[in-house]
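Asker: I have a structure I would like to understand better, so I am pasting it below and will then ask my questions one at a time.
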Amino acid sequence: MRTAALIPARYESTRFPGKPLVTLCGIPLIRFIQDRIRSFDLFDHVIVATDSPLIYDEIVSHGGTARMTRKDHPSGSDRIAEVAGDINAEVIVNVQGDEPLIDAGSLRGLLYLFCDNSIQIASLMTALSDPAQLTDPNTVKVVTGLNGDALYFSRAPIPHRRDSEIRLEIGRCGKTPLQDNTRCENPPLPLYLRHIGVYAYRREALLQMVSLPPSPLEEIEKLEQLRLLQNGIPIRMLMTDYQGIGIDTPDDLTAVRKILGDQS
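Taken in order, the sequence shown gives residues 456 to 719; the numbers are from the numbering used here.
This is the structure:
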């Protein structure tokens, strides 16, 4: 099974213009991420998909692989789909260009799911550990079926506990729901789950997704993955300990630098 990690990178950003080229540990963020993914040795291709000559030149001049894309793509998924159509890979992983701490174990787990030929799309989720995130619309919550497929994603708190106060809980068997797709004799208590926006697709599924028009629920929640669910395309969810620490603002960059011990 040939695989590719595609990293969408757009220079213009409303909240953080020029973000891909800010420095992290002495090198531009986008190169830091590509170098990290390459070091995992999980993929046949690791490619930055960008609309910026500045980003393209930065990657290529340091031995990386980049592809220029159109500027008018509405999302990172559309941007990587333009590149995915021209490469020899069965499974495509969309690694966000602002997730410098993504770990090898999570990506390896996503790829392993595709040993099951029925899996078309997969993504990551983690236990929600901060009660404040439940009502934070910037934290996307997910609920899953017993088979591990996503039932719904929302910016609202889901599931809603009608009869008791909100608590963050673990399962009675000591496992989080659906961990390794195992079951315990006493099913887990509800656990609030946070979606992490790293996706893996079979190439045909990615191309199908971007060919579909935005769905009604997608437009209400502003969550692209709801387009898939409303069109009957399942998303298999994988539990991870990775907390999805992204860089959306200069303050986020400062926080990640602190984690990495970067004195920039």
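All residues carry an ideal CB built from backbone N, CA and C; glycine is no exception.
In this text, all values refer to a predicted model and were calculated from it rather than measured experimentally.
Between the alpha carbons of H615 and T590, how many angstroms are there, rounded?
Answerer: As a first step, residue 615 must be located in the sequence shown, where it is residue number 160. As a first step, residue 590 must be located in the sequence shown, where it is residue number 135. C-alpha separation (whole angstroms): 11 Å.
Asker: Along the chain, which unbroken stretches of the alpha helix (DSSP H) at least 4 residues long are found entirely within the stretch 570–597?
Answerer: none
Asker: Closer than 7 Å by C-beta to L667: which residues in its own chain qualify, once you throw out the five before and the five after it? Chain order, please.
Answerer: Residue 667 sits at position 212 when you count from the first residue of the sequence shown. Excluding sequence neighbours, L667 sits near R682 and N686.
Asker: In the DSSP assignment, find the alpha helix (DSSP H) that holds I485 and state where it starts and stops.
Answerer: Within the sequence shown, the letter at position 30 stands for residue 485. Taken as a continuous stretch (DSSP letters only), the alpha helix (DSSP H) holding I485 covers L484 to F495.
Asker: Using CA coordinates, which residue listed in V597, I690, K677 and R563 is at the minimum distance from I492?
Answerer: As a position in the sequence shown, residue 492 is number 37, starting the count at 1. Closest by alpha carbon: R563.
Asker: Please state the DSSP three-state secondary structure of G564.
Answerer: Against the sequence shown, residue 564 aligns to sequence position 109. G564 falls in the helix class under three-state DSSP.
Asker: Could you pull the DSSP bridge partners for Y656 from this structure?
Answerer: Here residue 656 refers to the residue found at position 201 of the sequence shown. Y656 is bridged to I547 and I576.
Asker: Are three or more beta carbon pairs between the stretch 589–608 and the stretch 707–718 nearer than 8 Å?
Answerer: no
Asker: Buried or exposed: which applies to G552, given that a residue is buried once 16 or more other Cβ atoms fall within 10 Å of its Cβ?
Answerer: Along the sequence shown, one-based indexing puts residue 552 at 97. G552 comes out buried.
Asker: Under 7 Å between the Cβ atoms of A544 and R457?
Answerer: In the sequence shown, residue 544 corresponds to position 89, counting from 1. In the sequence shown, residue 457 corresponds to position 2, counting from 1. Against a cut-off of 7 Å, the Cβ pair of R457 and A544 comes out as a contact.
Asker: Which whole-angstrom value describes the C-beta separation of K596 and R658, a residue pair presumed to lie in contact below a C-beta threshold of 8 Å?
Answerer: Reading the sequence shown from its first residue, position 141 is the one you call residue 596. Reading the sequence shown from its first residue, position 203 is the one you call residue 658. At roughly 29 Å, the Cβ-Cβ gap does not stay under 8 Å, so K596 and R658 are not in contact.
Asker: Check for me: the beta strand (DSSP E) holding P463 runs from which residue to which?
Answerer: Here residue 463 is taken as the residue at index 8 of the sequence shown, counted from 1. That run of the beta strand (DSSP E) goes T458 to A464.
Asker: On the criterion of 16 or more Cβ atoms from any shown chain inside 10 Å, does T599 qualify as buried, or is it exposed?
Answerer: Here residue 599 refers to the residue found at position 144 of the sequence shown. Under this definition T599 is a buried residue.
Asker: What whole-angstrom Cβ distance do T581 and Q698 have, given they're in contact under 8 Å?
Answerer: Residue 581 sits at position 126 when you count from the first residue of the sequence shown. Residue 698 sits at position 243 when you count from the first residue of the sequence shown. Right, the Cβ-Cβ distance comes to about 6 Å (below 8 Å), so this counts as a contact.
Asker: Please report the distance separating the alpha-carbon of I688 from that of P669.
Answerer: Position 233 of the sequence shown, counted from the first residue, corresponds to residue 688. Position 214 of the sequence shown, counted from the first residue, corresponds to residue 669. About 14 Å.
Asker: For T709, report the span of its alpha helix (DSSP H) as first-last.
Answerer: If you number the sequence shown from 1, residue 709 lands on position 254. Residues P705 to L715.
Asker: Can you grab the Cα-Cα spacing for the pair L566 / H528, in whole Å?
Answerer: In the sequence shown, the residue the question calls residue 566 occupies position 111. In the sequence shown, the residue the question calls residue 528 occupies position 73. Approximately 26 Å between the Cα atoms of the pair.
Asker: Can you tell me which of N593, I651, I690 and I714 puts its alpha carbon nearest to the alpha carbon of K677?
Answerer: Within the sequence shown, the letter at position 222 stands for residue 677. Relative to the Cα of K677, the nearest Cα in the group N593, I651, I690 and I714 belongs to N593.
Asker: Find out if the Cβ-Cβ distance for the pair M692, S578 is shorter than 7 Å.
Answerer: Residue numbering aside, residue 692 sits at position 237 when the sequence shown is read from its first letter. Residue numbering aside, residue 578 sits at position 123 when the sequence shown is read from its first letter. Yes, they are a contact pair.
Asker: So is Y488 buried or exposed if we call it buried at 16+ other beta carbons inside 10 Å?
Answerer: Walking along the sequence shown from the start, residue 488 turns up at place 33. A quick correction: the sequence has Ile, not Tyr, at residue 488. Counting the other Cβ atoms within 10 Å of the Cβ of I488 gives 16 or more, which makes it buried.
Asker: Along the beta strand (DSSP E) that carries V515, what are the first and last residues, could you check?
Answerer: Along the sequence shown, read from residue 1 onward, the residue named residue 515 stands at position 60. From DSSP, V515 is part of no beta strand (DSSP E) but of the alpha helix (DSSP H) over P508 to V515.
Asker: What would DSSP say about A611, mapped onto helix, strand or coil?
Answerer: Position 156 of the sequence shown, counted from the start, is the residue given in the question as residue 611. A611 falls in the coil class under three-state DSSP.
Asker: Hey, could you find the ends of the alpha helix (DSSP H) R617 is sitting in?
Answerer: Taking the first residue of the sequence shown as 1, we reach residue 617 at position 162. Note, R617: premise wrong, no alpha helix (DSSP H); not H, not E.
Asker: Can you tell me whether L684 is helix, strand or coil according to DSSP?
Answerer: Residue 684 sits at position 229 when you count from the first residue of the sequence shown. Of the three classes helix, strand and coil, the one that applies to L684 here is helix, per DSSP.
Asker: Taking the CB atoms as reference points, tell me whether L461 and I514 lie closer together than 7 Å.
Answerer: As a first step, residue 461 must be located in the sequence shown, where it is residue number 6. As a first step, residue 514 must be located in the sequence shown, where it is residue number 59. Against a cut-off of 7 Å, the Cβ pair of I514 and L461 comes out as no contact.
Asker: Taking I690 as the reference, which of V711, I535, S573 and P671 has the closest Cα?
Answerer: Here residue 690 corresponds to residue number 235 of the sequence shown, with the count starting at 1. When C-alpha distances from I690 are compared across V711, I535, S573 and P671, the shortest belongs to S573.
Asker: For R470, which of D707, K713 and R486 has the nearest alpha-carbon?
Answerer: As a working mapping, residue 470 is identified with position 15 in the sequence shown. Closest option to R470, Cα to Cα, is D707.
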